[in-house]
Amino acid sequence: MMTRTVVLSEDPEFLAELSEYLEVLSSPTRLKILRAIEHRPMEIREIAAVIDTSYENTKKHLNKLAAAGIIKKEAGLGRETARGVHPVWKFSLQPGGLESVITSLGVFSSGAVPAGFGDVASRVRTVKSMLTGGEAPPMLLLAQGEEDGRVFPLNSDSISIGREDPVNEGMYSPATDIVLPASYAAVSRVSRPHARLTRTGDQWLLEDCESTGQTHVNGVPLGRGERKPLVEGDIIDLANGVGSARFVMIGPAADEG
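Numbered continuously in the UniProt record's numbering, the sequence shown closes out at residue 257.
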């Protein structure tokens, strides 16, 4: 069994809030609302028509989502009528949208859950699957540095990871590779490229590209020529110390053995 590096907080208040968050997201009606307002703000009556339910029921679910901080409410203008245009409340997703919610769920599902709080990790995965239809690609979440919080979907069979090289711009494929900004060059030992991800079937393998600072998975450096299978929750470090790049693996990955 592989040891996890990311663990959920043992703070009962944190876990209680996480349970409430999952409860809000586990409603099929609320998930329909999130998809309805994913691309543009909408007023209550418009949302109710899209998801085919009553005004009052829609309002109740919107209040739940707003209280959880998943959506926001702002004043806007409604449709024009014979009497003119009236101000209305319009609802939209918080910055980052559904991708941000899915990423958060991926981070939460990476940890162990203390006894007494039920199978929270399983509930996280269930809600995440409901949101994505089980089709969300795996991704790497950058967990420190200048672009902390940035998400990189893994959408190619071979992905190079490293810092940018202005002198040799053809080194990376901008559409698929994970390229870190020049700031990583000044303060760290992140190479160009530093590591490479390769997909074999449903499995992602990570290898070091003879980097200066080495590549670590859950604190263990990869050996020369080693190709390490990744699982959800693995921590990937490019180099060590100040300015190093740390990623969290989120989403479908190799089964644990």
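Built from N, CA and C at the ideal position, the CB exists for glycine as well.
Open item on the list: Using a Cβ distance threshold of 8 Å, determine whether the region 64 to 74 contacts the region 43 to 56, with at least three qualifying pairs required.
Closed with: Judged by Cβ distances under 8 Å, the region 64 to 74 makes no contact with the region 43 to 56, as fewer than three pairs qualify.
TODO: Specify, as a first and last residue, the run of the beta strand (DSSP E) that His216 falls within.
DONE: Residue numbering aside, residue 216 sits at position 216 when the sequence shown is read from its first letter. From DSSP, the beta strand (DSSP E) with His216 extends over Thr215 to Val217.
Task: Per-residue DSSP class, three states only, for Glu74 - done: Looking up residue 74 in the sequence shown gives position 74. Residue state, collapsed to three classes: strand.
Open item on the list: Using 8 Å as the threshold, is the C-beta distance between Lys60 and Ile44 below it?
Closed with: Counting from one through the sequence shown, the residue named residue 60 turns up at place 60. Counting from one through the sequence shown, the residue named residue 44 turns up at place 44. Lys60 is not a Cβ neighbour of Ile44, given a cutoff of 8 Å.
Open item on the list: So if DSSP puts Lys90 in a beta bridge, which residue, or which two residues, is it bridged to?
Closed with: Numbered from its first residue, the sequence shown carries residue 90 at position 90. Per DSSP, Glu43 and Glu74.
Open item on the list: Under DSSP, the beta strand (DSSP E) around Ala36 begins and ends at which residues?
Closed with: Here the question's residue 36 lines up with position 36 in the sequence shown. In the DSSP assignment, Ala36 falls outside any beta strand (DSSP E) and within the unbroken alpha helix (DSSP H) covering Pro28 to Ala36.
Open item on the list: Do Ile161 and Ala182 count as a contact pair if the criterion is CB distance below 8 Å?
Closed with: Position 182 of the sequence shown, counted from the start, is the residue given in the question as residue 182. Position 161 of the sequence shown, counted from the start, is the residue given in the question as residue 161. Taking the C-beta atoms as reference points, Ile161 is found no nearer than 8 Å to Ala182.
TODO: In the DSSP assignment, find the unbroken alpha helix (DSSP H) run with Ser19 in it and report its ends.
DONE: On the sequence shown, residue 19 is found 19 positions in, with the first residue counted as 1. Going by DSSP, Ser19 is part of the alpha helix (DSSP H) stretching over Pro12 to Leu25.
- [ ] Grab the span of the alpha helix (DSSP H) containing Leu180 for me, first residue to last.
- [x] As a working mapping, residue 180 is identified with position 180 in the sequence shown. It is not in any alpha helix (DSSP H) - Leu180 instead sits in the beta strand (DSSP E) that spans Ile178 to Leu180.
Open item on the list: If you reduce the DSSP assignment to three classes, tell me which class Thr53 lands in.
Closed with: Along the sequence shown, one-based indexing puts residue 53 at 53. Three-state result, Thr53: coil.
Open item on the list: Helix, strand or coil for Gly84? Go by DSSP, reduced to three states.
Closed with: Within the sequence shown, residue 84 is the residue found at index 84, counting from 1. Gly84 falls in the strand class under three-state DSSP.
- [ ] Going by CA-CA distance only, name the one from Pro87, Asn57, Arg199 and Phe108 that's closest to Leu15.
- [x] Translated into positions along the sequence shown, residue 15 becomes position 15. Comparing Cα-Cα distances from Leu15 to each of Pro87, Asn57, Arg199 and Phe108, the minimum goes to Phe108.
Task: Of the residues Ala143, Glu146, Ile178 and Leu142, the one placed nearest Asp157, counting alpha carbons only - done: Stepping through the sequence shown from its first residue, residue 157 is reached at position 157. Nearest option by C-alpha distance: Ile178.
Open item on the list: Please report the straight-line C-alpha distance between Ile47 and Leu65, rounded to a whole angstrom.
Closed with: Taking the sequence shown and counting its residues from 1, the one referred to as residue 47 is at position 47. Taking the sequence shown and counting its residues from 1, the one referred to as residue 65 is at position 65. Whole-angstrom Cα-Cα distance: 14 Å.
Open item on the list: Using the Cβ count rule (16 or more neighbours within 10 Å means buried), how would you classify Gly251?
Closed with: Locating residue 251 in the sequence shown gives position 251, where the first residue counts as 1. It is buried - the Cβ of Gly251 has at least 16 other Cβ atoms within 10 Å.
Task: Residue span of the beta strand (DSSP E) that contains Arg246, given as start and end - done: Within the sequence shown, the letter at position 246 stands for residue 246. For Arg246, the enclosing beta strand (DSSP E) starts and ends at Ala245 to Ile250.
Open item on the list: Just list the residues that DSSP pairs Thr126 with in beta bridges.
Closed with: For this step, residue 126 is matched to residue 126 along the sequence shown. Residue pairing by DSSP leaves Thr126 without any beta bridge partner.
- [ ] Would you tell me roughly how many angstroms separate the C-alpha atoms of Leu93 and Gly225, rounded to the nearest one?
- [x] In the sequence shown, residue 93 corresponds to position 93, counting from 1. In the sequence shown, residue 225 corresponds to position 225, counting from 1. Approximately 44 Å between the Cα atoms of the pair.
- [ ] Counting only the same chain and skipping the five closest in sequence on each side, list residues whose C-beta sits under 7 Å from that of Ala36.
- [x] Along the sequence shown, read from residue 1 onward, the residue named residue 36 stands at position 36. In the same chain as Ala36, and ignoring 5 residues on each side of it, the C-beta atoms closer than 7 Å to its own belong to Met42, Ile47, Val50 and Ile51, in chain order.
TODO: State the DSSP-derived secondary structure class of Gly69, mapped to helix, strand or coil.
DONE: Your numbering for residue 69 matches position 69 in the sequence shown. Assignment of Gly69 by DSSP, reduced to helix, strand and coil, places it in the coil class.
Open item on the list: Using 8 Å for Cβ pairs, my map puts Trp89 next to Leu154. What's the rounded Cβ distance?
Closed with: On the sequence shown, residue 89 is found 89 positions in, with the first residue counted as 1. On the sequence shown, residue 154 is found 154 positions in, with the first residue counted as 1. About 38 Å separates the CB atoms of Trp89 and Leu154; that is not less than 8 Å, and the two are not in contact.
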